[in-house]
Amino acid sequence: MYGGATGEERVAERRRKLIEAGMNLFGSPGSESVRVKDVVLEAGLTDRYFYESFSDLGALFEEILDLTIKAMESEVNAAVLEAPDDPVARVSVAMRTTVDTLTADPRMIRIFFVEALGRGGRVGARRNEILTHAAENFFKWSGTDTGPFDSGPVESRMRAYAASGAASELLISWAEGLLDITSDQLAEYLVGLYWRINLP
């Protein structure tokens, strides 16, 4: 024990600092040029402590991305549980909560929609996995008796992919600064888009 902390606690604290530093850097303009030395400088550590927790910069980004996804889903799932038992209401709450959560911590917008899914392209092969998971969420919100996504009705899955794909591209464009609209306008449009996709 050193300074009242065990070795494991010191490693965990250094890891936390690296993750926070990575969130600050990946979540800021100029994130495409982030290097390991930038992260350790931001964290107030040295290179050897970076490699104590992460094999490379990609591993750090994956950890940050997973934490970002978990934070977004935690907020959205909690809000959807309180929503009326109606598909449009659930999707409306989910979309508005997603936008609210992102605007509350703008770093998350850049990490998820610029660095991961947008021009940063840091997730590589995981991009399809992430977008499929988003489609699964739309599928889940759209009904209570649809069953597992993989074995659900083809028409329902097509609508889920269409809704999640369109929503993701709109959010990416918004995050990239290509759409000069407020977060409220974006949420309103996303809800309307879902409604139009699901019209009989």
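Using the UniProt record's numbering, the first residue of the sequence shown is number 1, and each one after it goes up by one.
All residues carry an ideal CB built from backbone N, CA and C; glycine is no exception.
Only a predicted model underlies this, so the values are computations on that prediction, with no experimental measurement involved.
Note that the region 98 to 108 does not touch the region 129 to 143; fewer than 3 beta-carbon pairs, one per stretch, sit closer than 8 angstroms. About 6 angstroms separates the Cβ atoms of V80 and V93, confirming a contact at the 8 angstroms cut-off.
Just so you know, the alpha carbons of W141 and Y49 end up roughly 42 angstroms apart. Rounded to whole angstroms, the Cβ separation of F139 and G152 is 6 angstroms, and the two are in contact under 8 angstroms. Around L57, the same chain offers V36 as residues with beta carbons nearer than 6 angstroms, after the five sequence neighbours per side are excluded. 8 angstroms or more divides the Cβ of E63 from the Cβ of I130. Only residues of its own chain outside the window of five on either side were considered, and among them A135 have a CB closer than 7 angstroms to the CB of Y161, listed in chain order. Setting aside the 5 residues that flank it on each side, V123 is surrounded in the same chain by A116, each with a C-beta closer than 6 angstroms to its C-beta; the list follows chain order. If you compare the alpha carbons of I197, A166, F113 with that of I172, the shortest gap goes to F113. Here R122 carries a coil assignment [DSSP, helix/strand/coil].
For G7 and V39, the gap between their C-alpha atoms comes out near 22 angstroms. Membership of T6 in any alpha helix (DSSP H) is not indicated, and neither H nor E is assigned to it by DSSP. Residue burial is scored here from C-beta neighbours: V154 has fewer than 16 other C-beta atoms within 10 angstroms and is therefore classed as exposed.
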